[in-house]
Amino acid sequence: MILRVKDLHKIYKGGTHALKGITFDVSEGEFLVIIGLSGSGKSTLLRCINRLIEPTSGTIEFVGKDITHVQGEELRKTKMQIGMVFQQFNLIKRRSVLTNVITGKLGALPSFTSIIEKYPGEVYNEAYKCLETVGIRDKARERADSLSGGQQQRVAIARSLMQNPRLLLADEPVASLDPATSNSVMLYFEKINKEIGTTVICNLHFLSLVRRYAARVIALKAGEIIYEGAPSSIDEKWFKTIYGEEAQEVEIR
Amino acid sequence: MSTGSDLDKSAGQLIQKGTKLKFRLAFIKAALLDIFFVFYSILVLQRAIYYKFILELRELPFSWTETGIIFFASIILGTFWTWSRTSLSSRLFGIAKKNKTTELTVEIFGWFLFNITFIAGWIVTKVSLVSLFSSEGIQGANRIFGALFKPEFGIFNDALFAIIETIYIALLATLISIPPSLLVSFFTARNLMKDNKISLGVYYILRIILNFIRSIEPLIWAIIFSVWVGIGPFAGMIALLVHTIASNAKLYSEAIESIEAGPVEAISATGARKIQIVWFAVLPQIFLPFLSFTIYRWDINVRMATVIGLVGGGGIGTMLIQYQGLARWHEVGLIILLISIVVWIMDYISARVREAIY
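Residue numbers (the numbering used here), protein chains in the order written: chain A, 1 to 253; chain B, 1001 to 1358.
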């Protein structure tokens, strides 16, 4: 098991109880998808796993080590092993694609050399390799904000690949992309999962994408797990339970 | 571990308590404002309408006892008015009853306030169309305008050197202000300082100091420093510098407060160190706003340096006030011409540079 989450609770300062006792395991090399409505706690869960936020109670075990409350240098080392891709890409807009990819390596580089931006040659080679993996090596010198949405998300994926992550988290990575681009971006996650063997945990909205890419699905509702299993067994009844009676499935191709 | 329903219950109580407290606070604020409105209205009615228009007095009399009686009456009337929850202030603070009376009161009293304020302003500023259009006045204006439009080019060299001095005063004040305002701005950005009590304390204290400095106009700083370091360009430069630091620190810190959180989150998620996060995710977002504010500030400072010169801050302003004192309007005309040209050029350049940046 690469990740073990046990009875995880998160209560925000304002009193919102976002996670209410989440328990699940993820095995090495798995492609796990988390679904649920907006506000069901999907983002909070991912942010707890890579410790962008600290859980209120419960435990998170990553590669056999309890990381629930690690702090300082140890927290930094943990974050370095977990890549994360966001819905809004979150690139440094005015810098080049290459610089953006290299920022994925910052944790492993000394402060001074990173600030004067003199990196060793192998860092550049690695960055180019990561860009090649997502098929935009030729865009390396362009400004990040001059790229299309789908390309920017691929840069973000390359940035997280730069970390050589054991685990890759993706928080609704295709929610601000059009359907065709969504599919191509999801293909890169699949490629990374299959070829490099990186474990992927991905939040998704659209069930058609879930059926196509997930090996296993967890559904959240109001901070609790209400479904866990294969994507193929989510039938009409489960769908209504997860998304509410009014919901209707929309097909995305 | 408390369960969800426990949390809900205590939250409910808290909310109820909160709304009660909020209502009381709003009531107190509304009552104070209503008292002020009533006091203000009666005073204006008494002084402007009764004394000025009905009794037609030239000098308006004033007595503390009278004002005190009016104030006392306003406290009673104002509180009573708020109590009825149909007043303008109770509407402003959201505690008014929703009915016809409130609507009518708000509308009529709003208009009433606007009109008496306008009338009071008219009287206080001693607006007089007679003096604006008297033949004597127009003759004087003719004389000055005639002279201004025939500038005396004999003093061109002196004026040119003086305005160059002004530009450098502004430039130096702007340049020296950059490091201190930068430093201060990080300590007055709420998003960087809100995490613990000590830093939040520093934030509030610095904000108060900056607001105080900024509320004193450069003109007054120039008067202070011309006593301190003597009349001349140095006094003008320091005066501008002090004001520029306070203003730019505020603008810079607002730029820091408005950065996108996304890149910061993304870089910190890669396991980067604090300084790397600031360098790669914060600085690129604030660099251009900083540059733009600084250039704009130079532009403002050139204009301010001119005014500061009038009170002994050196440069073209000092020259202008000297010739004005001698009533040599042809020379004044040249100086004004030169100032307008330079200000126009500065304005144009700074606008174009700022456009190019974004």
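Cβ coordinates follow ideal geometry from the N, Cα and C atoms, glycine included.
Checklist entry - Distance, Cα to Cα, Val217/A vs Lys118/A? => result Residue numbering aside, residue 217/A sits at position 217 when the first sequence is read from its first letter. Residue numbering aside, residue 118/A sits at position 118 when the first sequence is read from its first letter. Whole-angstrom Cα-Cα distance: 43 Å.
Checklist entry - So what does DSSP say about Ala144/A, is it helix, strand or coil? => result Position 144 of the first sequence, counting from 1, holds the residue named residue 144/A. Ala144/A: helix per DSSP, three-state reduction.
Checklist entry - Helix, strand or coil for Glu1257/B per DSSP? => result Taking the second sequence and counting its residues from 1, one reaches residue 1257/B at position 257. Here Glu1257/B sits in helix by DSSP.
Next on the checklist: To the nearest angstrom, how far is the alpha carbon of Ala1272/B from that of Ala156/A?
Outcome noted: Position 272 of the second sequence, counting from 1, holds the residue named residue 1272/B. Position 156 of the first sequence, counting from 1, holds the residue named residue 156/A. Distance between the alpha carbons of Ala1272/B and Ala156/A: 15 Å.
Item to check | Contact between the stretch 1085–1095 of chain B and the stretch 1021–1028 of chain B (3+ Cβ pairs under 8 Å) | outcome: yes
Checklist entry - Leaving out the 5 sequence neighbours to the left and right, which residues in its chain are closer than 7 Å to Ile22/A when beta-carbon positions are compared? => result The residue labelled residue 22/A in the question sits at position 22 within the first sequence. Apart from sequence neighbours up to five positions away, the residues of its chain that approach Ile22/A with a beta-carbon distance below 7 Å are Val5, Leu8, Leu45 and Ile225, ordered along the chain.
Checklist entry - Quick one, which residues of the stretch 1253–1267 of chain B are near chain A if we go by CB-CB under 7 Å, in chain order? => result Residues passing the 7 Å Cβ filter: Gly1262, Pro1263, Glu1265, Ala1266 and Ile1267.
Checklist entry - Going along chain B in order, which residues have a C-beta closer than 8 Å to the C-beta of Lys79/A? => result In the first sequence, counting from the first residue as 1, residue 79/A sits at position 79. Those within 8 Å of Lys79/A in chain B are Ser1268, Ala1269, Thr1270 and Gly1271.
Checklist entry - Can you list, in chain order, the residues of the stretch 1212–1224 of chain B whose Cβ is nearer than 9 Å to any Cβ on chain A? => result none
Checklist entry - Are the stretch 1214–1228 of chain B and the stretch 1243–1261 of chain B in contact at 8 Å, needing three or more beta carbon pairs? => result yes
Next on the checklist: With DSSP as the reference, identify every bridge partner of Lys221/A, one or two as the case may be.
Outcome noted: Position 221 of the first sequence holds residue 221/A. BP columns for Lys221/A point to Glu224/A.
Item to check | Proximity to Phe1053/B [Cα-Cα], best of Ile1076/B, Ile1075/B, Ile1275/B and Ile1123/B | outcome: To locate residue 1053/B, count along the second sequence from 1; it is residue 53. With distances taken between Cα atoms, Phe1053/B lies closest to Ile1123/B.
Checklist entry - Around the C-beta of Glu132/A, are 16 or more other C-beta atoms found within 10 angstroms, so that it is buried, or is it exposed? => result Along the first sequence, one-based indexing puts residue 132/A at 132. Label assigned to Glu132/A: exposed.
Item to check | 7 Å CB neighbourhood of Asp246/A in its chain, flanking five on each side removed | outcome: Stepping through the first sequence from its first residue, residue 246/A is reached at position 246. Here residue 246/A is Glu; the residue named in the question, Asp, does not match the sequence. Excluding positions up to five away in sequence, the list is empty.
Next on the checklist: Pairs of beta-carbons, one from the stretch 1301–1315 of chain B and one from the stretch 1156–1173 of chain B, closer than 8 Å: are there three or more?
Outcome noted: yes
Checklist entry - chain B partners of Arg95/A, CB-CB under 7 Å? => result What you label residue 95/A is simply residue 95 of the first sequence in a count that begins at 1. Those within 7 Å of Arg95/A in chain B are Pro1284.
Item to check | For Lys20/A, the nearest candidate out of Lys77/A, Asn125/A, Gly39/A and Val33/A (CA to CA) | outcome: If you number the first sequence from 1, residue 20/A lands on position 20. For the residues Lys77/A, Asn125/A, Gly39/A and Val33/A, the minimum Cα distance to Lys20/A belongs to Gly39/A.
Next on the checklist: Suppose you measure from the CA of Val174/A to the CA of Ser160/A; what does that come to, to the nearest Å?
Outcome noted: Position 174 of the first sequence, counting from 1, holds the residue named residue 174/A. Position 160 of the first sequence, counting from 1, holds the residue named residue 160/A. If you take the alpha carbons of Val174/A and Ser160/A, they lie about 16 Å apart.
Checklist entry - Measuring CA to CA, which of Gln1046/B, Leu1200/B and Ser1087/B is closest to Thr1067/B? => result In the second sequence, counting from the first residue as 1, residue 1067/B sits at position 67. By alpha-carbon distance to Thr1067/B, the top candidate from Gln1046/B, Leu1200/B and Ser1087/B is Gln1046/B.
Checklist entry - Which same chain residues, not among the five before or five after Gly1004/B, have their C-beta less than 6 Å away from its C-beta? => result As a position in the second sequence, residue 1004/B is number 4, starting the count at 1. Summary for Gly1004/B: the model assigns pLDDT 46, below 50, so the residue's position carries little reliability, and this model does not support an answer.
Next on the checklist: Against Gly107/A, what residues of chain B qualify as contacts under a CB-to-CB distance less than 9 Å, listed in chain order?
Outcome noted: Looking up residue 107/A in the first sequence gives position 107. The answer, in chain order, is Thr1270, Gly1271, Ala1272, Arg1273 and Gln1276.
Item to check | Inter-stretch contact at 8 Å, needing at least 3 Cβ pairs: the stretch 24–33 of chain A / the stretch 202–216 of chain A | outcome: yes
Checklist entry - Cα-Cα, which of Phe1036/B, Glu1257/B and Val1106/B is closest to Ile1075/B? => result Start at 1 with the first residue of the second sequence, and residue 1075/B comes out as number 75. For Ile1075/B, the nearest C-alpha among the options comes from Phe1036/B.
Item to check | Ile1267/B and Phe1280/B closer than 8 Å at C-beta | outcome: The residue given as residue 1267/B occupies position 267 in the second sequence. The residue given as residue 1280/B occupies position 280 in the second sequence. Taking a C-beta distance under 8 Å as the contact criterion, Ile1267/B and Phe1280/B qualify as a contact pair.
Checklist entry - Name the chain A residues whose beta carbon is nearer than 9 Å to that of Ala1048/B? => result Position 48 of the second sequence, counted from the start, is the residue given in the question as residue 1048/B. The contacting residues do not exist; Ala1048/B stays about 51 Å from chain A at best.
Next on the checklist: Suppose contacts are defined by Cβ-Cβ distances below 8 Å. Is Ser114/A in contact with Gln1276/B by that definition?
Outcome noted: Residue numbering aside, residue 114/A sits at position 114 when the first sequence is read from its first letter. Residue numbering aside, residue 1276/B sits at position 276 when the second sequence is read from its first letter. Cβ distance < 8 Å, so Ser114/A and Gln1276/B count as in contact.
Item to check | CB-CB length for Phe1186/B against Ile1119/B, believed under 8 Å | outcome: The sequence position of residue 1186/B within the second sequence is 186, counting from 1. The sequence position of residue 1119/B within the second sequence is 119, counting from 1. Not a contact, Cβ separation roughly 49 Å.
Item to check | Contacting residues, own chain, Cβ-Cβ under 6 Å from Phe62/A (five flanking each side not counted) | outcome: Within the first sequence, numbered from 1, the residue matching residue 62/A stands at position 62. If we look at Phe62/A and ignore the five residues flanking it on each side, its Cβ neighbours are Leu3.
Checklist entry - Taking the alpha-carbon positions, what's the Ala1073/B to Val1038/B distance? => result For the purposes of this step, residue 1073/B is taken as residue 73 along the second sequence, with counting starting at 1. For the purposes of this step, residue 1038/B is taken as residue 38 along the second sequence, with counting starting at 1. Going by the C-alpha atoms only, they are around 9 Å apart.
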